[in-house]
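J.: Residue numbers (this note's numbering): 1086 to 1172. Glycine residues also receive a C-beta, built at the ideal position from the N, C-alpha and C atoms. The structure displayed is predicted, hence computed values, not measured ones. Have a look at the structure that comes next, please.
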Amino acid sequence: MTLDQIAIKMGAKCNGDVPHSIQDFAVRAFADGHSLQDIQDYTGRSEMALTHMIRFACMTDGCRSYSRSLPEIKQQLAQAELGRGRG
1086 MTLDQIAIKM GAKCNGDVPH SIQDFAVRAF ADGHSLQDIQ DYTGRSEMAL
1136 THMIRFACMT DGCRSYSRSL PEIKQQLAQA ELGRGRG
């Protein structure tokens, strides 16, 4: 799904609009395979904020409602951080 499709499915009014729950949107978009950079560009939120949102969501519900498992999401977040030289 595109970011616009995810946003509309989650309650956004039109393409380019961000749904009320940016955290849920960020987790869903990341779980669907979108990069943190793409989500950052779409939402206007910092990469650090998005990373914290995704991690918090994964810790609190185990990402049960998303297509990728918690270990897969954690691994991708770790790889993204290593790619920026913060690992």
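Use the C-beta contact count for Thr1087: other C-beta atoms within 10 angstroms, 16 or more gives buried, fewer gives exposed.
T.: Counting every other CB atom within 10 Å of its CB across the protein chains shown gives Thr1087 a total below 16, marking it as exposed.
J.: Quick one: Cα of Ala1174 to Cα of Gln1164, how far?
T.: The structure shown does not extend to residue 1174, since the chain spans only 1086 to 1172, so no value can be given for it.
J.: Return the first residue and the last residue of the alpha helix (DSSP H) that Thr1128 is part of.
T.: Leu1121 to Thr1128
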